[in-house]
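Worksheet for the structure shown next.
2 protein chains.
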Amino acid sequence: MTRATDPASLTPGEARALFRSGLVTPTAGWCRGHAQANLVCVPRELAFDMLLFAQRNPKPCPVLDVLEPGATSGLILDGDVRTDLPLYRVWRDGELEAEVPDVREHWRDDLVSFLVGCSFTFEHPLVAAGIEVRHIVDGSNVPMYLTERPCRPAGDLTGPMVVSMRPIPADRVADAVRISGRYPGVHGAPVHVGDPAALGIGDLGRPDFGDPVRIEPGEIPVFWACGVTPQAMVMASRPSLAITHAPGHMLITDARDSDYLAP
Amino acid sequence: MTRATDPASLTPGEARALFRSGLVTPTAGWCRGHAQANLVCVPRELAFDMLLFAQRNPKPCPVLDVLEPGATSGLILDGDVRTDLPLYRVWRDGELEAEVPDVREHWRDDLVSFLVGCSFTFEHPLVAAGIEVRHIVDGSNVPMYLTERPCRPAGDLTGPMVVSMRPIPADRVADAVRISGRYPGVHGAPVHVGDPAALGIGDLGRPDFGDPVRIEPGEIPVFWACGVTPQAMVMASRPSLAITHAPGHMLITDARDSDYLAP
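Here the protein sequences line up with chains A and B, keeping their order.
Each residue of the first sequence is one higher than the one before, starting from 563 at the first, in the working numbering.
Each residue of the second sequence is one higher than the one before, starting from 563 at the first, in the working numbering.
Here it is as structure tokens:
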């Protein structure tokens with residue numbers, strides 16, 4: 563990618579080719595108009611519990627698609643789920659074993675890939691409405707936090723909800739709620755506005771994932787359910803193997819934002 | 563139930579007690595304000611494919627809840643899924659084995675129960691808007707039809723979409739679309755308006771499930787995706803065992819219609 567290329571104007575195929583050839587970067591702001599996705603791959607014997615966990619926790623885990631066992635592409639991914647994300651995490655027994663740009667050496671034919679909606683999808687509509695998305699402007703990763711709010715369990719799978727945070731001017735909070743609420747398939751409206759302590763978040767300056775961001779005077783921290791929640795579930799539930807994206811380093815799908823607009 | 567009791571005014575618990583004690587009737591119009599559900603129970607080894615089939619076909623198969631393997635009650639059902647519906651169907655290898663008001667003798671501890679949204683849920687809002695629901699007025703079961711539109715398969719599970727039909731005056735079709743569209747969790751907006759042949763339906767007077775209804779001059783047949791679709795899947799895919807509701811004879815849940823309003 564030349565410096566002159568605006569990541570927002572790339573097609574999903576162009577972006578995935580860059581990541582496949584080694585570029586590592588958070589993907590907020592990339593490929594305007596296209597849906598981004600969280601990735602979590604688990605062995606087939608856990609796939610029902612994982613899908614049920616997602617079904618029971620639709621705010622943090624809105625399922626966009628599930629690939630066939632062993633499959634590496636699908637209806638909204640004309641690519642390879644093992645190479646086309648900028649960065650992955652490989653988990654053994656709930657412990658982070660590796661953070662790598664390619665997971666082909668860890669792949670198994672019994673892995674089932676879940677593509678889970680990502681709030682980056684509605685950031686372009688926020689920007690189009692004149693609402694600044696701080697981590698895009700500052701070129702950093704979105705801040706994400708473990709909360710004290712438990713997910714509804716499924717089988718042996720359990721864990722806390724993870725949230726992403728964007729500081730929003732007080733007079734635009736209602737607009738941010740309305741606009742993101744139009745996209746329930748990619749986390750939808752915020753789960754919490756303005757009170758980090760109520761979620762068990764002690765220090766906004768120390769996110770559990772991603773980077774801290776500036777909060778300007780007059781801005782309110784607004785919290786959206788986050789697709790890193792399955793990673794918190796992996797840490798809590800300790801499956802023998804799981805492969806996920808690295809937080810903020812998403813799968814850019816061929817689906818359009820507008821595919822996930824509420825009716 | 564005395565004849566003086568209006569089924570619309572019963573609580574879900576009262577209705578389920580009547581069905582548990584042997585009353586057999588279609589449930590359209592019952593328990594105003596409460597969500598009704600289709601039921602499909604499959605063995606645990608098919609549960610992932612069933613949940614994936616539903617996830618891939620959200621218009622006919624919107625999942626309201628999934629019970630734990632062997633469980634007979636859950637978050638939106640303070641009752642017993644084996645006895646609290648008016649009528650069930652038991653399927654072996656895709657063939658209808660029995661139609662019975664109680665399935666306790668067929669129950670197995672590895673069965674997983676899927677509660678799938680039902681369009682009866684948005685009939686009360688249609689009626690409240692002055693749109694007559696013909697099968698309620700006439701005291702018959704809603705007409706349902708197999709279509710030529712295939713569902714997206716999942717594993718070995720496949721089959722055609724089933725639709726329900728309501729005749730709507732031409733000048734109220736748009737209202738019926740808007741009102742039902744507010745409830746995407748219970749089939750939402752129609753999948754087709756006005757052209758049965760395009761769905762492969764030859765004769766509206768001969769539904770595949772339920773009863774035919776009068777279509778008055780100036781009324782247009784409007785088709786909604788239907789939760790009998792999993793039964794068409796059972797017929798096509800022939801799992802060793804499945805238990806479902808009998809078409810139109812639904813599970814009345816403790817959830818409210820308003821729980822499924824779009825954001």
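Here a beta-carbon is modelled for each residue, glycine too, at the ideal position from N, C-alpha and C.
Please read these numbers as outputs of a predicted model, since none were measured by experiment.
- Proximity of chain A to B:Leu614 at the Cβ level (cut-off 7 Å) is accounted for by Leu613, Val628, in chain order.
- The DSSP-derived three-state label of B:Pro574 is helix.
- DSSP places A:Asp611 outside any beta strand (DSSP E); the residue lies instead in the alpha helix (DSSP H), whose first and last residues are 609-618.
- With respect to chain A, the C-beta atom of B:Phe684 has no partner C-beta closer than 9 Å.
- If you check the CB distance, B:Cys623 and B:Ala633 do not come in under 9 Å.
- When DSSP states are grouped into helix, strand and coil, A:Val689 belongs to the helix group.
- Listed by position along chain A, the residues whose Cβ is nearer than 7 Å to that of B:Val735 form an empty set, because the closest Cβ is around 16 Å away.
- Unbroken beta strand (DSSP E) runs of no fewer than 3 residues, entirely contained in the stretch 656-718 of chain A, are found at 657-662, 673-679, 706-712, following chain order.
- In chain order, Thr634, Val665, Arg666, Trp669 place their CB closer than 6 Å to the CB of B:Arg644, counting only its own chain and leaving out the 5 sequence neighbours on each side.
- When CB distances to chain B are screened at a threshold of 7 Å, the residues of the stretch 586-620 of chain A falling below it are Ala609, Phe610, Leu613, Leu614, Gln617, in chain order.
- Scanning A:Pro722, A:Ser742, A:Gly641, A:Arg734 for the CA closest to the CA of A:Asp819 turns up A:Ser742.
- Judged by DSSP secondary structure, B:Arg728 falls within the beta strand (DSSP E) whose first and last residues are 722-731.
- In this chain, A:Asp816 is not harboured by any alpha helix (DSSP H); it is covered by the beta strand (DSSP E) spanning 813-818.
- With a 10 Å radius around the Cβ and a threshold of 16 neighbouring Cβ atoms, A:Val699 comes out exposed.
- In this structure B:Val604 is not in contact with B:Pro746, their Cβ atoms being roughly 24 Å apart against a cut-off of 8 Å.
- Three or more Cβ pairs drawn from the stretch 585-602 of chain A and the stretch 566-574 of chain A lie within less than 8 Å of each other, which places the two stretches in contact.
- Annotation for B:Arg651: the continuous beta strand (DSSP E) segment containing it runs 650-654.
- If you check the CB distance, B:Ala716 and B:Leu614 come in under 9 Å.
- In the three-state scheme derived from DSSP, where H, G and I count as helix and E and B as strand, B:Pro605 is classed as strand.
- B:Ala732 is classed as exposed because its beta carbon has fewer than 16 other beta carbons within 10 Å across all chains shown.
- Listed in chain order, the alpha helix (DSSP H) elements of length 4 or more contained wholly in the stretch 777-802 of chain B are 791-799.
- Not flagged as an interface residue toward chain B: A:Val678, since no C-beta distance is shorter than 9 Å.
- Closer than 9 Å to the CB of B:Val625 there is at least one CB belonging to chain A.
- With respect to A:Leu673, A:Arg578 sits apart: the two C-beta atoms are not nearer than 9 Å.
- Contact annotation, A:Ala660 with A:Met812: C-beta distance approximately 19 Å; criterion of less than 8 Å not satisfied.
- When C-alpha distances from A:Cys788 are compared across A:Arg696, A:Ala824, A:Leu649, A:Gly772, the shortest belongs to A:Gly772.
- A:Val704 sits away from A:Lys621, with the two beta carbons spaced by 9 Å or more.
- Residue burial annotation: A:Thr683 is buried, with at least 16 other C-beta atoms found within 10 angstroms of its C-beta.
- Bridge pairing for B:Gly636: B:Leu639 [DSSP].
- Taken through DSSP and simplified to helix, strand or coil, A:Leu626 comes out as strand.
- Within the same chain, Pro729, Ile730, Pro731, Ala732 come within 8 Å of A:Glu781 by CB-CB distance, once the 5 residues on both sides are set aside.
- The beta carbon of A:Val662 sits closer than 6 Å to those of Tyr650, all from its chain and outside the five residues before and after it, given in chain order.
- With a cutoff of 9 Å on beta-carbon distance, B:Ala794 and B:Val748 are scored as not near each other.
- Under a 10 Å Cβ-count criterion, A:Glu685 is classified as buried, with 16 or more other Cβ atoms of the shown protein chains found around its own Cβ.
- Collapsing the DSSP output to three states places B:Ala759 in a helix.
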